[in-house]
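*Asks:*
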Amino acid sequence: MTKFQIGDKLLQSRQNLKMTQEQFAAKIGVTPQAVSKWERDLGMPDLSLVAGICEVLHLSADELLGIQCLDQITEGNRKEQQEIQMNLCSEPLRLDVGADLIPAIVEGLKTDKIKEERVLLAKKAGILVPKIRIRDLDALPKNEYQVLSYDKLLESGTIESLGENVYDQLMEKVFNLCEVNYSSILNKQLVGIMIENVKNSYPGIADDIIPARFSYLFVEQVLREIYKKTGTIRNMIGILELLEEVTNEQNEDPRVVADRIVHRLS
Numbered sequence: 000m001t002k003f004q005i006g007d008k009l010l011q012s013r014q015n016l017k018m019t020q021e022q023f024a025a026k027i028g029v030t031p032q033a034v035s036k037w038e039r040d041l042g043m044p045d046l047s048l049v050a051g052i053c054e055v056l057h058l059s060a061d062e063l064l065g066i067q068c069l070d071q072i073t074e075g076n077r078k079e080q081q082e083i084q085m086n087l088c089s090e091p092l093r094l095d096v097g098a099d100l101i102p103a104i105v106e107g108l109k110t111d112k113i114k115e116e117r118v119l120l121a122k123k124a125g126i127l128v129p130k131i132r133i134r135d136l137d138a139l140p141k142n143e144y145q146v147l148s149y150d151k152l153l154e155s156g157t158i159e160s161l162g163e164n165v166y167d168q169l170m171e172k173v174f175n176l177c178e179v180n181y182s183s184i185l186n187k188q189l190v191g192i193m194i195e196n197v198k199n200s201y202p203g204i205a206d207d208i209i210p211a212r213f214s215y216l217f218v219e220q221v222l223r224e225i226y227k228k229t230g231t232i233r234n235m236i237g238i239l240e241l242l243e244e245v246t247n248e249q250n251e252d253p254r255v256v257a258d259r260i261v262h263r264l265s
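Numbering follows numbering that gives the first Met the number 0, in which position 94 of the sequence shown is assigned residue number 93; successive positions increment by one, without gaps.
(1) In whole angstroms, what is the alpha-carbon distance linking residue 47 and residue 108?
(2) Let's test the definition: count the other Cβ atoms within 10 Å of the Cβ of residue 216 and tell me whether it reaches 16, buried, or not, exposed.
(3) In terms of residues, what are the limits of the alpha helix (DSSP H) holding residue 45?
(4) What are the boundary residues of the alpha helix (DSSP H) that includes residue 107?
(5) I'd like the list of long-range same chain contacts for residue 150, defined as Cβ closer than 6 Å, with 5 residues on each side in sequence excluded.
(6) If you reduce the DSSP assignment to three classes, tell me which class residue 155 lands in.
(7) So, is residue 118 buried or exposed, given that buried needs 16 or more other C-beta atoms within 10 angstroms?
(8) What residue range does the alpha helix (DSSP H) around residue 171 cover?
(9) Helix, strand or coil for residue 202 per DSSP?
(10) What does DSSP give as the partner residue(s) for residue 145 in the beta ladder?
(11) Hey, quick one: how far does the beta strand (DSSP E) through residue 134 stretch, first residue to last?
(12) Output yes or no for whether 8 Å exceeds the beta carbon distance between residue 50 and residue 130.
(13) For residue 135 versus residue 96, is the C-beta spacing smaller than 8 Å?
(14) Given a cut-off of 8 Å on the beta-carbon distance, is the pair residue 148 and residue 92 in contact?
(15) Taking 7 Å as the limit between beta carbons, can you name the residues of its chain near residue 21, skipping five residues before and five after?
(16) Going along the chain, which residues of its own chain have a beta-carbon closer than 8 Å to the beta-carbon of residue 154, five neighbours each way excluded?
(17) In three-state terms, what does DSSP make of residue 221?
(18) Where residue 222 and residue 232 are concerned, what is the direct C-alpha to C-alpha distance, given to the nearest angstrom?
(19) By how many angstroms is the C-alpha of residue 34 removed from the C-alpha of residue 10?
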């Protein structure tokens, strides 16, 4: 299915349910702007969102993705698009799989596994997991996988038994690696989303200091150091309240600020 066809399917299905873009976006955890782009053929939803989209719109993954239409795509066009997309930029979190693992991925994306793992890490460590890019890679042996972050290999391996739990195994590996390596995965976009969540849920905590006094980059650096030391940034309200209190100079070392916050929170 082409990008236009997916956008058209999203638009028609959403309107059939009499759902606004804002309502749909809230249900799947994205911004209304993202939904608008998808429906206007300016982008495509990430594969990790497919299960949630299908649940909200009462569609199957095959219906949304147009699996039955794949044979209409020429081999040349498919390879060209794949090559372009693979080289656009490095991703915070990516799972590459060999050909034999693709059926398990397709079926697994119809479940809530990714959503459940996201919620678990959020509750455990305050982690906002980035979008997980999943792609089939011809260069990989058929039953192998690799997990990367910004093109850095975090883990590779072989799935020996292609049973029913293959997808769950792969997702658990991805989320475990995300938790272990989160200090290097965290980026300004993720920090921005977390800060906006605090601003919306607890007005006054961060409104006057971010970005007026502290840039998102500085907050990212502080959070990264706190996570390295404690393995959690779940007490975001406490961290932000202390950020202004313990920062003495405008260009202070984020590592020093993080040390002070960790000490005060301990």
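By construction, the Cβ of each residue, glycine as well, lies at the ideal position given by its N, Cα and C atoms.
*Replies:* Inspection of the coordinates gives the following:
(1) Position 48 of the sequence shown, counting from 1, holds the residue named residue 47. Position 109 of the sequence shown, counting from 1, holds the residue named residue 108. Their Cα atoms are separated by approximately 7 Å.
(2) Taking the first residue of the sequence shown as position 1, residue 216 is located at position 217. Its Cβ having fewer than 16 others within 10 Å, residue 216 is exposed.
(3) The residue labelled residue 45 in the question sits at position 46 within the sequence shown. Premise fails: residue 45 is in no alpha helix (DSSP H) and is neither H nor E.
(4) Counting from 1 along the sequence shown, the entry for residue 107 is found at position 108. Note, residue 107: alpha helix (DSSP H), 101-107.
(5) Sequence index remark: in the sequence shown, residue 150 carries index 151 (1-based). Counting only Cβ-Cβ distances below 6 Å, and skipping sequence neighbours, we find 89.
(6) Position 156 of the sequence shown, counted from the first residue, corresponds to residue 155. Three-state result, residue 155: strand.
(7) By 1-based counting over the sequence shown, the position of residue 118 is 119. So residue 118 ends up on the exposed side.
(8) The sequence position of residue 171 within the sequence shown is 172, counting from 1. From DSSP, the alpha helix (DSSP H) with residue 171 extends over 165-179.
(9) Taking the sequence shown and counting its residues from 1, the one referred to as residue 202 is at position 203. Residue 202: coil per DSSP, three-state reduction.
(10) Position 146 of the sequence shown, counting from 1, holds the residue named residue 145. BP columns for residue 145 point to 95, 155.
(11) Position 135 of the sequence shown, counted from the first residue, corresponds to residue 134. Its beta strand (DSSP E) spans residues 132-135.
(12) Position 51 of the sequence shown, counted from the start, is the residue given in the question as residue 50. Position 131 of the sequence shown, counted from the start, is the residue given in the question as residue 130. No, Cβ-Cβ distance for residue 50 and residue 130 is not below 8 Å.
(13) Counting from one through the sequence shown, the residue named residue 135 turns up at place 136. Counting from one through the sequence shown, the residue named residue 96 turns up at place 97. Going by C-beta atoms, residue 135 is nearer than 8 Å to residue 96.
(14) As a working mapping, residue 148 is identified with position 149 in the sequence shown. As a working mapping, residue 92 is identified with position 93 in the sequence shown. It is a contact, given that the beta carbons lie within the stated cut-off.
(15) The sequence position of residue 21 within the sequence shown is 22, counting from 1. Same-chain partners within the cutoff: 31.
(16) Sequence index remark: in the sequence shown, residue 154 carries index 155 (1-based). Cβ neighbours of residue 154 beyond the five flanking positions: 145, 146, 172, 176.
(17) Numbered from its first residue, the sequence shown carries residue 221 at position 222. Three-state result, residue 221: helix.
(18) As a working mapping, residue 222 is identified with position 223 in the sequence shown. As a working mapping, residue 232 is identified with position 233 in the sequence shown. Answer to the nearest angstrom: the Cα atoms are 7 Å apart.
(19) By one-based count along the sequence shown, residue 10 stands at place 11. By one-based count along the sequence shown, residue 34 stands at place 35. Computed Cα separation, rounded: 9 Å.
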